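Just below is one structure, and these are the notes that go with it.
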Ligand code: LMR
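Residue numbers (the UniProt record's numbering): 1 to 396.
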């Protein structure tokens, strides 16, 4: 039976991790997968996570099943972090949340949930979007189409074209939006643009699905949730997929959440029963370790403050790297304008070079980035920025 299979290509993002690890070049640079790195190129465990993890080890009394929802306390605290404590949707008891195995788990739960809402639903994703979005929705049997988003030539948002495409989307379909730190472009909607998208969502009646994998990496925890909070306050139905991989640095613990918003408390309960059924059919119950860490942090004002400080440190370093790279390219004599990198948000930007130049950087200089020229800004540091800028100057 297995003889009928044909090999799949390596994942465009995760495949880079293996290649980078195997490269023995002394100056190799990893701008591939979206993980935070410090100046030494190390992905640290946050101090607040260490404390919360120790607390869990000291106090945990059983490993018995929790159930498909995961920890109720985690779900509530993460829901408040995303929607804001005083969000009218939360106050009206219209939100239901399940813990999931990472943000990808949340998206897969959302995909199967949508398949049950409407097997023929089209999921509209931005062009471009995270490389895994399309495969993930198609794996759930849904069709995926794109709406215009990033203008590669002008390094701006194709906002009018985006609105015009979304104004053709009907009430049976789903539109995926990135809450902040758009992956892969780093190009976010402004608050005014969010307001317009929300108006259009109400007008067209499609279901918004917001992917929030980087809350706190753009402008701040509250600022980055503007679209999520406004959308939740104004629409009848919505799906939110959150991840704790980046902002809590809990990558391998696989913890995230899928929240659904019903028109009222009763319809939220019905939708929730479907969500739980979906969870049971995919992985039965989510892992508990990461959730326990996050709920300990968010449940303690002291640890929460420490987390916010550590998150700010990560955000500031990434923003600093953006400016540092732009300046260094100028210093190395590059005349092409890369100033857009300093203006974009979050972990990623496109360098805007050709796939051949990307391949050359990898082959000749051991600099790793996604074929699309998406770079993970966190991989830049004072120790490698000269080499990086010189190498980019050479391939240009
Ligand atoms: C990325 O885009 O690099 C991250 O979200 C990691 C992943 O799973 O692709």
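Beta carbons: idealized from backbone N, C-alpha and C, even for Gly. From a predicted model like this one, the values you see are computed outputs, not experimental measurements.
Option in the options with minimal Cα separation from residue i
i           : options               : result
residue 321 : 152, 360 and 384      : 384
residue 251 : 180, 193 and 294      : 294
residue 189 : 104, 344 and 330      : 344
residue 195 : 63, 44 and 228        : 228
residue 81  : 356, 216 and 192      : 216
residue 128 : 310, 95, 98 and 349   : 349
residue 155 : 342, 313 and 382      : 342
residue 212 : 23, 68, 150 and 246   : 246
residue 257 : 178, 167 and 110      : 110
residue 398 : 38, 220 and 92        : Because residue 398 is not part of the residues shown, which for the chain are 1 to 396, the question remains open.
residue 315 : 347, 300 and 303      : 347
residue 159 : 83, 99 and 126        : 126
residue 175 : 186, 204, 193 and 157 : 204
residue 191 : 219, 185 and 304      : 219
residue 108 : 386, 281, 206 and 318 : 281
residue 65  : 118, 287 and 15       : 287
residue 248 : 67, 357, 10 and 306   : 306
Which of helix, strand or coil DSSP assigns to residue i
i           : result
residue 104 : helix
residue 283 : coil
residue 405 : There is simply no residue 405 to check, as the chain begins at 1 and stops at 396 in what is shown.
residue 65  : coil
residue 207 : strand
residue 354 : coil
residue 241 : strand
residue 348 : strand
residue 145 : strand
residue 212 : strand
residue 126 : strand
residue 157 : strand
residue 290 : helix
residue 297 : helix
residue 10  : coil
residue 256 : strand
residue 322 : helix
residue 470 : The requested residue 470 is not part of the displayed model; the chain covers only 1 to 396.
residue 151 : strand
residue 375 : strand
residue 189 : coil
residue 197 : helix
residue 334 : coil
residue 308 : helix
residue 221 : coil
residue 367 : strand
residue 397 : No answer is possible for residue 397: the residues shown for the chain start at 1 and end at 396.
residue 163 : helix
Pairwise C-alpha distance: residue j and residue i
i           : j           : result
residue 134 : residue 148 : 15 Å
residue 140 : residue 334 : 45 Å
residue 289 : residue 253 : 7 Å
residue 233 : residue 55  : 36 Å
residue 121 : residue 137 : 10 Å
residue 170 : residue 331 : 50 Å
residue 46  : residue 388 : 27 Å
residue 33  : residue 376 : 7 Å
residue 231 : residue 395 : 43 Å
residue 96  : residue 177 : 20 Å
residue 130 : residue 183 : 5 Å
residue 260 : residue 297 : 24 Å
residue 239 : residue 390 : 44 Å
residue 308 : residue 7   : 44 Å
residue 52  : residue 292 : 8 Å
residue 214 : residue 199 : 24 Å
residue 4   : residue 164 : 44 Å
residue 278 : residue 42  : 37 Å
residue 284 : residue 77  : 22 Å
residue 302 : residue 94  : 29 Å
residue 142 : residue 61  : 42 Å
residue 378 : residue 226 : 24 Å
residue 397 : residue 210 : As shown, the chain starts at 1 and ends at 396. That puts residue 397 outside it, with no answer to give.
residue 310 : residue 168 : 42 Å
residue 19  : residue 353 : 20 Å
residue 393 : residue 38  : 25 Å
residue 16  : residue 265 : 45 Å
residue 145 : residue 173 : 10 Å
residue 84  : residue 90  : 8 Å
Integer Cβ distance of residue i from residue j, believed to fall under 8 Å
i           : j           : result
residue 180 : residue 224 : 4 Å
residue 366 : residue 25  : 4 Å
residue 329 : residue 380 : Wrong, their Cβ atoms sit about 11 Å apart, outside the cutoff.
residue 370 : residue 12  : 6 Å
residue 242 : residue 106 : 6 Å
8 Å Cβ cutoff, residue i in contact with chain D
i          : result
residue 10 : In the displayed structure, chain D is absent; only one protein chain is listed.
Residue i: CB within 7 Å of a non-hydrogen atom of ligand 2
i          : result
residue 34 : As presented, the structure is devoid of ligand 2, carrying ligand 1 as its sole ligands.
Enumerate, from N- to C-terminal direction, the unbroken alpha helix (DSSP H) stretches of 4 or more residues contained entirely within the segment 73–120. Listed in chain order, they are 88–91 and 102–117.
Taking only runs of the alpha helix (DSSP H) that begin and end inside the segment 33–61, which ones reach a length of at least 4 residues, in chain order? Runs found: 47–59.
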